[in-house]
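Engineer: In my numbering, the protein residues as written are 1 to 384.
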Amino acid sequence: MRDSSRYARTDRTPAASRQCRTIVLGVAVALVVAPSFASAQVAPPPTTPPPTTPPPAAAPVPSSTDFNAGQSAGIAIGDLGSQFLRRLGDQASYGFNRASRTNPGGGGASETTEAPRFRSWAEFYGVGANTSAFGGFVGDKRRTIGGVAGIGARLMPGVNVGLSVDQSHTTIDIPLALQSATLDLTQIGLNASVDQGAWTWAIALVHGFGDINSRRDTGLGLASAGYNARIDGALTELSYYWTYEQARIVPKAAFEYTRATTGAMQELGGLNPVNASGASAERARILIGAEVGRYWIFDQKILDLSGYAKFVDNVHQRFSNVTVSLGSESITVQGIGESQYGADAGASASLSLSNTARLYLNYDGKFRAYSQSHQGTLGFEFKF
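#1: Looking only at its own chain, which residues have a Cβ that is under 6 Å from the Cβ of LEU361, when we skip the five neighbours before and after it?
#2: Determine the contact status of TRP121 and GLY150, defining contact as a CB-CB distance below 8 Å.
#3: Please return the same chain residues whose Cβ sits closer than 7 Å to the Cβ of PRO175, not counting the five positions on each side in sequence.
#4: Say yes only if the C-beta of SER352 is nearer than 7 Å to one or more non-hydrogen atoms of the ligand COA, and no if none qualify.
#5: Please work out which residues of its chain come closer than 7 Å, Cβ to Cβ, to GLN167, disregarding the five sequence neighbours upstream and downstream, and give them in chain order.
#6: Are ALA253 and LEU238 close, meaning C-beta to C-beta below 8 Å?
#7: Quick check on this structure: which residue in ALA357, LEU183 and GLY126 has the alpha carbon closest to the alpha carbon of ASP211?
#8: According to DSSP, is ASP364 helix, strand or coil?
#9: Classify PHE124: buried if its beta carbon has 16 or more other beta carbons within 10 angstroms, exposed otherwise.
#10: Taking just the CA atoms, how far does LEU155 sit from LYS366?
#11: Since LEU305 is in the alpha helix (DSSP H), which residue starts that stretch and which ends it?
#12: For GLY70, which option in SER193, ASP195, THR200 and ARG216 has the closest C-alpha, if you only look at C-alpha atoms?
#13: Considering only residues of the same chain and omitting the five flanking positions on each side of ARG318, which have a CB-CB separation below 6 Å?
#14: Go ahead and pull the three-state DSSP assignment for LEU85.
#15: Helix, strand or coil: which one does DSSP assign to ALA290?
#16: Check whether the segment 125-138 and the segment 62-69 touch, using three or more Cβ-Cβ pairs below 8 Å as the test.
#17: Apart from the five residues just before and just after ASN213, which ones in its own chain have a Cβ nearer than 6 Å to its Cβ?
#18: If you draw a straight line from the alpha carbon of GLU82 to that of ALA223, how long is it in whole angstroms?
#19: My understanding is that LYS310 touches ALA343, with C-beta atoms under 8 Å, so please give their C-beta distance in whole angstroms.
#20: Please work out which residues of its chain come closer than 7 Å, Cβ to Cβ, to ALA76, disregarding the five sequence neighbours upstream and downstream, and give them in chain order.
See below:
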């Protein structure tokens, strides 16, 4: 029999001991769980994202229309060179001039009358031209005014030579591209002709040089540039002079070659000015047609009226690539050519005041699929 006094001495019963152990275990569990619970309830402070750098802006790229003024200037140079060549050729093969060389006294006069050996002429002309939109070219309008002075000589019967100078000023307007330009061109021409019976062979050579000044509205000012231009050309023509009383028909066949170049250009001012490399354009064409005319004599004066038409075949056209650059970016554009086939037509009125003085008025038109031009010329010729 257990001695109850043992429990009394320790003042602890078995039930009290179990209760004490339970309390101690509970306190230990609480100490372990409490920090984990607290950490689960308290959210960590938000982290600040690192600063981000915006992506670099895209580099500006030149537009295919930025060089439209240069393309238009190239068209103008080629046209002016071609027009001057043909006017030089007409000095030799124009039917009335041909008749004057054969019969300087005019209709009804003796063909043995001695012709003046020298002649000089002066012309004033205006040209209106336009080219339609084509590819990256938005179209243009061109206006030219100019003057020609020349002198010629008869080296021997049937052989004639001439020298003339053409000075012109052209304004170019390209409203859809907000661009404009001017072209000042000087051309020097030589011509010669040989008459053999009813046949006439004529040749003309041209060399020209000038300056181009272009302006482009960028929205934040004008970008302007200045660069040079060159034109070289040659024309050879064969014609046959057939007459019936005071009327004539002159069939003609000609071959023409021109080569035009423009220098490199660099724009200054405005927003995003561009640079462009030099350009060249060459063209060879065949022209076949005829002149029809008639003259009348009254009060010792001669009035001559004539018209002509020619079929044109551009048998060869070649244009260099032009690199247009803006900073490190660049694109490639080309010059604007003509349609392969076209027509030239014109008319002339001439009044001979005497055997040595003559006034004349000419119209010359050029008609192509995408372009046309109209030229009017007032001239005076004096022989001595």
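Beta carbons are placed, not taken as given, at the ideal position from N, Cα and C, and that holds for glycine. Since we're looking at a predicted model, the values are computed, not measured.
Structural biologist: The answer reads as follows:
#1: ALA349 and LEU378
#2: yes
#3: none
#4: Judged by which ligands are present, the structure shown has none, so any question about the ligand COA falls away.
#5: GLY146, GLY147 and THR186
#6: yes
#7: LEU183
#8: strand
#9: exposed
#10: 34 Å
#11: Segment 301-319 is the beta strand (DSSP E) holding LEU305; no alpha helix (DSSP H) there.
#12: ARG216
#13: GLU282
#14: helix
#15: strand
#16: yes
#17: THR182 and GLY226
#18: Per the sequence shown, the amino acid found at residue 82 is Ser instead of Glu. Cα to Cα, SER82 sits roughly 31 Å from ALA223.
#19: 7 Å
#20: ARG142, THR170, ILE172 and LEU183
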